[in-house]
Amino acid sequence: MSNNFALILRTNGEFEIIEWPTNGHLEILYRAIECHHVDAVTISPKLTMWIDDDGLNTGAPINRAATILYALHKEPHQHYVGNVVITGGADHRGDTLALTKDEIAALVEFHLTFTCGAPIPTQRTK
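Listed below in structure tokens is the structure:
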């Protein structure tokens with residue numbers, strides 16, 4: 004298994020960790036988001052959210068997790084809709100970077116805590 008990941012946040016609250024290869028990004032984004040046109044939304048220098056560019060026009064359902072994640076970093080100006088893919092930022096050439104294991108862990112914890120309302124399991128002490 005690689006150390007390069009991306010995170011799919013689905014509108015039904017599910018998430019999936021996927022491997023992020025060194026090339027072929029567009030095909031992965033189209034498949035994961037279930038669309039034909041993608042757009043990149045910069046959440047922070049280290050986080051990019053890939054969205055369906057036609058999602059608002061086609062009536063895609065609101066993606067609560069994506070909207071909350073954006074709002075934690077920047078003033079929200081819209082709801083984000085449809086499935087989204089979260090990757091790292093871009094390198095000096097503009098190539099999309101993967102997420103690290105630590106970044107994936109932090110995003111999954113965020114998702115479970117803030118969007119699902121599920122408590123994070125802790126180690127038993129007794």
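For the sequence shown, counting from 1, position 4 maps to 7 in my numbering; every step adds exactly one. Each residue gets a CB set at the ideal place from its N, CA and C atoms; glycine is no exception. It should be emphasised that the depicted structure is a prediction, and the values quoted were computed from it without experimental measurement.
Discussion item. So, with DSSP's three-state summary, where would you put leucine 100?
Written reply: coil
Item to complete: Give a yes or no on contact between the segment 36-53 and the segment 73-93, applying the rule of three or more CB pairs nearer than 8 Å.
Response: yes
Fill in: Per-residue DSSP class, three states only, for alanine 22
Checking the sequence, you will find glutamate at residue 22 rather than alanine. If DSSP states are grouped into helix, strand and coil, glutamate 22 belongs with the strands.
Item to complete: Would you kindly report the start and end of the unbroken beta strand (DSSP E) that includes isoleucine 89?
Response: Unbroken beta strand (DSSP E) run through isoleucine 89: 87-90.
Discussion item. Counting C-beta neighbours from all protein chains within 10 Å, is the total for asparagine 15 16 or more, i.e. buried, or is it exposed?
Written reply: exposed
Fill in: Alpha-carbon to alpha-carbon, alanine 63 and histidine 80
17 Å
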